[in-house]
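*Asks:* Just so you know, we're using the UniProt record's numbering here: the sequence shown kicks off at 432 and counts up by one.
Take a look at the following structure, please.
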Amino acid sequence: GKNGYQLFSHEMHQSLMHRLQIEAELREALALGDQLKLYYQPQISSSHGDVVGYEALMRWEHPTKGMLSPYDFIHIAETSGLIIAIGEWALLEACKQAKTLSVSHQHFTRMAVNLSALQFNHASIFDHVKTALEQTSLPPHLLELEITESAIIDNVDDAIVLLNKLKKLGVKLAIDDFGTGYSSLNYLKNFPIDTLKIDKSFVDGIVNNPKDAAIARTIVQLALNLGLSTIAEGVEYTEQHELLKTMGCDGLQGYLFSKPISSDKL
Ligand code: C2E
Ligand code: CA
Ligand code: CA
Numbered sequence: 432g433k434n435g436y437q438l439f440s441h442e443m444h445q446s447l448m449h450r451l452q453i454e455a456e457l458r459e460a461l462a463l464g465d466q467l468k469l470y471y472q473p474q475i476s477s478s479h480g481d482v483v484g485y486e487a488l489m490r491w492e493h494p495t496k497g498m499l500s501p502y503d504f505i506h507i508a509e510t511s512g513l514i515i516a517i518g519e520w521a522l523l524e525a526c527k528q529a530k531t532l533s534v535s536h537q538h539f540t541r542m543a544v545n546l547s548a549l550q551f552n553h554a555s556i557f558d559h560v561k562t563a564l565e566q567t568s569l570p571p572h573l574l575e576l577e578i579t580e581s582a583i584i585d586n587v588d589d590a591i592v593l594l595n596k597l598k599k600l601g602v603k604l605a606i607d608d609f610g611t612g613y614s615s616l617n618y619l620k621n622f623p624i625d626t627l628k629i630d631k632s633f634v635d636g637i638v639n640n641p642k643d644a645a646i647a648r649t650i651v652q653l654a655l656n657l658g659l660s661t662i663a664e665g666v667e668y669t670e671q672h673e674l675l676k677t678m679g680c681d682g683l684q685g686y687l688f689s690k691p692i693s694s695d696k697l
């Protein structure tokens with residue numbers, strides 16, 4: 432109509448139907464309560480080699496498709512709004528697990544939970560964090576929220592207010608995938624951040640690409656100078672481990688140590 436036309440292909444129809452089906456199944460998974468799981472990937476102290484914390488990573492045990500990774504469903508969870516309820520569930524589940532670990536595990540210092548930009552910018556987030564801590568009586572300093580740079584940059588003024596409220600509650604705050612988004616040194620100055628997570632893309636090249644090595648070294652130095660801690664993600668080789676340790680990176684996470692594991696294997 433109106434001198435314009437649109438193409439509607441069979442493929443577009445297929446992909447829309449696929450999306451809607453996943454969305455309906457995800458809604459059901461959340462309601463049933465036994466298909467969504469958190470897996471836990473150990474974080475190792477580079478100075479003494481012990482496991483000091485875990486990052487909670489979501490999995491979906493789909494009844495017919497098998498184990499799905501967040502890359503297969505988080506986007507649909509976000510566009511459908513389901514991420515808010517799923518994220519609320521994940522926070523509570525991770526805090527329960529952390530509470531258990533805090534009793535049984537001598538060096539346990541942190542349970543890291545990912546927040547997507549949509550969750551972080553949703554009005555309910557502060558209450559969901561507070562409620563999860565209260566319901567599990569987890570000491571707040573044992574919970575670390577991982578937020579990406581883009582989540583913060585969406586609305587800087589609101590982000591500062593929220594981050595300060597969370598900080599006052601006592602939880603730790605980490606910038607995930609540091610260096611890959613809209614990095615601004617300004618927010619490191621103004622936001623109450625505790626930890627920078629060095630993105631896997633830098634860790635990948637750290638041994639063979641001098642630029643990746645320079646970036647990783649600079650992130651660690653910057654963090655040291657600002658009194659923040661650092662964790663490198665995606666460490667797969669001993670050479671990466673050794674280099675990161677020499678650079679002064681505090682925590683290490685990656686397949687070299689362990690893949691994310693189910694709670695019964697913790
Ligand atoms: P991320 O937060 O950057 O998590 C790191 C991803 O790298 C994880 O993938 C982890 O399993 C994987 N990984 C860890 N070590 C290695 C390694 O040595 N080599 C390789 N190749 N990969 C490694 P996963 O679990 O598939 O999660 C993907 C993304 O989904 C996460 O990226 C995070 O952004 C998101 N995500 C995961 N769980 C949640 C959640 O509960 N809520 C939200 N909002 N997002 C989540
Ligand atoms: Ca993360
Ligand atoms: Ca990453």
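Don't be surprised by glycine CBs; every beta carbon is placed ideally from N, CA and C.
Cβ atoms of Leu-564 and Trp-520: under 8 Å apart, would you say?
*Replies:* Not a contact, by the Cβ cut-off of 8 Å.
*Asks:* In whole angstroms, what is the alpha-carbon distance linking Ile-496 and Ile-453?
*Replies:* In the sequence on display, residue 496 carries Lys and not Ile. In a straight line, the C-alpha of Lys-496 is about 11 Å away from that of Ile-453.
*Asks:* With a threshold of 16 other CB atoms inside 10 Å of the CB of Gly-665, please say whether the residue is buried or exposed.
*Replies:* It is buried - the Cβ of Gly-665 has at least 16 other Cβ atoms within 10 Å.
*Asks:* Measuring from the CB of Gly-505, is there a heavy atom of ligand 1 at a distance below 7 Å?
*Replies:* The identity of residue 505 in the sequence shown is Ile, whereas the question assumes Gly. Yes, the Cβ of Ile-505 comes within 7 Å of a heavy atom of ligand 1.
*Asks:* Give a single yes or no on whether Ile-546 has its beta carbon closer than 7 Å to a heavy atom of ligand 1.
*Replies:* Per the sequence shown, residue 546 should be read as Leu rather than Ile. It does: the Cβ of Leu-546 is within 7 Å (strictly closer) of some heavy atom of ligand 1.
*Asks:* Indicate, with yes or no, if ligand 3 has a heavy atom lying under 7 Å from the CB of Glu-577.
*Replies:* No, Cβ of Glu-577 sits at least 7 Å from all heavy atoms of ligand 3.
*Asks:* Tell me, please, which residues DSSP counts as bridged to Ala-647.
*Replies:* Beta-bridge pairing links Ala-647 to no other residue.
*Asks:* Give the range of the beta strand (DSSP E) segment to which Ala-663 is assigned.
*Replies:* Run containing Ala-663: 660 to 663, per the beta strand (DSSP E) assignment.
*Asks:* How would you write the range of the beta strand (DSSP E) that Gln-671 sits in, first residue to last?
*Replies:* No beta strand (DSSP E) contains Gln-671, which is instead part of the alpha helix (DSSP H) from 669 to 678.
*Asks:* Relative to the C-alpha of Ser-694, which residue among Lys-527, Phe-688, Ala-508, Gln-445 is closest?
*Replies:* Among Lys-527, Phe-688, Ala-508, Gln-445, the Cα nearest to that of Ser-694 is on Lys-527.
*Asks:* Per DSSP, what are the beta-bridge partners of Leu-627 in this structure?
*Replies:* According to DSSP, which records beta bridges pairwise, Leu-627 is partnered with Ile-606, Thr-661.
*Asks:* Taking 7 Å as the cut-off, does the CB of Thr-468 come closer than this to any heavy atom belonging to ligand 1?
*Replies:* The residue asked about is misnamed: residue 468 is Lys in this sequence, not Thr. No, the Cβ of Lys-468 stays beyond 7 Å of every heavy atom of ligand 1.
*Asks:* With a threshold of 7 Å, establish whether the CB of Asp-635 neighbours any heavy atom of ligand 3.
*Replies:* Outside the cutoff, so no.
*Asks:* So within the segment 466 to 537, which uninterrupted beta strand (DSSP E) runs reach at least 3 residues, ignoring any that extend past its ends?
*Replies:* Runs found: 467 to 476, 482 to 493, 497 to 499.
*Asks:* What first and last residue would you give for the alpha helix (DSSP H) that runs through Ile-584?
*Replies:* From DSSP, the alpha helix (DSSP H) with Ile-584 extends over 580 to 584.
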